[in-house]
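**Student:**
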Amino acid sequence: MPYPHDLTDGVVSLRRYRDSDPSELAAAISESEATVGRWMNWASADYRAEMAMDWIRFSEKAWAIGDSFDMLIVDARSDRCLGSIGLNQRNRENNFANLGYWVRQSAQGKGVASRAGKLAIEWALWRVGLSRIEIVVAQDNSASRRAAEQIGAQFEGVLRKRLMIRGALVDAAMYAVVAGDYPR
Numbered sequence: 006m007p008y009p010h011d012l013t014d015g016v017v018s019l020r021r022y023r024d025s026d027p028s029e030l031a032a033a034i035s036e037s038e039a040t041v042g043r044w045m046n047w048a049s050a051d052y053r054a055e056m057a058m059d060w061i062r063f064s065e066k067a068w069a070i071g072d073s074f075d076m077l078i079v080d081a082r083s084d085r086c087l088g089s090i091g092l093n094q095r096n097r098e099n100n101f102a103n104l105g106y107w108v109r110q111s112a113q114g115k116g117v118a119s120r121a122g123k124l125a126i127e128w129a130l131w132r133v134g135l136s137r138i139e140i141v142v143a144q145d146n147s148a149s150r151r152a153a154e155q156i157g158a159q160f161e162g163v164l165r166k167r168l169m170i171r172g173a174l175v176d177a178a179m180y181a182v183v184a185g186d187y188p189r
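Quick note: the sequence shown uses our numbering, first residue 6, plus one each step.
1. Just checking my contact of V17 with A57 at CB under 8 Å: how many whole Å lie between their CB atoms?
2. Check the Cβ-Cβ distances between E98 and every residue of chain C, and say whether any is below 8 Å.
3. Look at S83 and Y106 and say whether their C-beta atoms are less than 8 Å apart.
4. Taking buried to mean at least 16 other C-beta atoms within 10 Å of its own C-beta, is P188 buried or exposed?
5. Tell me whether G42 sits in a helix, a strand or coil according to DSSP, three-state version.
6. Given S25, which residues of its chain have a CB within under 7 Å of its CB, disregarding the five upstream and five downstream residues?
7. Please list the segments of the alpha helix (DSSP H) lying wholly inside the stretch 40-114, counting only runs of 4 or more residues, in order along the chain.
8. Does the separation of the CB atoms of W191 and I140 fall below 8 Å?
9. Pick helix, strand or coil for G194, following the three-state DSSP scheme.
10. Just list the residues that DSSP pairs Q159 with in beta bridges.
11. On the CB-based measure, 16 or more other CB atoms within 10 Å of its CB, does I70 come out buried or exposed?
12. Quick check: what's the CA-CA separation for V133 versus G185?
13. Give every residue of the same chain whose Cβ lies closer than 7 Å to the Cβ of A173, excluding the five residues on either side of it in the sequence, and list them in chain order.
14. Under 7 Å Cβ to Cβ from A129, same chain only, skipping five residues before and after it: list those, please.
15. Rounded to the nearest angstrom, how far is the Cβ of T40 from that of Q110, given a contact under 8 Å?
16. Ignore the nearest five residues each way along the sequence and tell me which others in A178's own chain have a CB closer than 7 Å to its CB.
17. Give a yes or no on whether the C-beta atoms belonging to R23 and Y8 are separated by under 8 Å.
18. If you count every other CB in all the chains shown that lies within 10 Å of the CB of R120, and 16 or more means buried, which is it?
19. Considering only their Cβ atoms, is the gap separating S35 from A50 smaller than 8 Å?
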């Protein structure tokens, strides 16, 4: 699957990772330990550019075989890294994938996740051809749940002990978007 070149709403854009991104990506993750790190085990203040480069290489390989589609969320005008978004855990037999996202702390509360999520979902439904996108969020992660709702995902229920966060199994809220939810 080729990388898309036109995923933007004029405020945020989604683009492939570049070899020049690791330092800025690491800075965004380090800045966000208090917020993103609360929910994502890998997000810490000591996240380094080398770790970001490893992630970029892993993401490129997964994209090449169609297992996941990870993109950088950037400011549409400045190209500043705002976070990351990806379709992962792709289930080819049942034609669905999981949507995951995070936004750097200094860009939170500005609609970045919901804008990026809408772009990613439209691309996944209409260009990749997936029929269902799931968003699985820690039940207590109110910001991510709000973003899922603003994206247009429907709440489908609580999954008991679904996510491992900081060594503890926690309940998760399941949201989903199906092709009929997003008109062409």
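Note that beta-carbon positions come from the ideal geometry of N, C-alpha and C, so glycine has one too.
**Tutor:** A quick look at the data gives this:
1. With 8 Å as the limit, V17 and A57 do not qualify as a contact, their Cβ atoms being about 20 Å apart.
2. The question asks about chain C, but that chain is absent: this structure has only one protein chain.
3. no
4. exposed
5. helix
6. none
7. 54-69
8. The question about residue 191 has no answer, for the chain in this structure spans 6 to 189.
9. Beyond the ends of the chain as shown, which are 6 and 189, falls residue 194; an answer cannot be given.
10. A181
11. exposed
12. 15 Å
13. none
14. L92, A102, L135 and I138
15. 5 Å
16. V142, Q144, R150, F160 and V163
17. no
18. buried
19. yes
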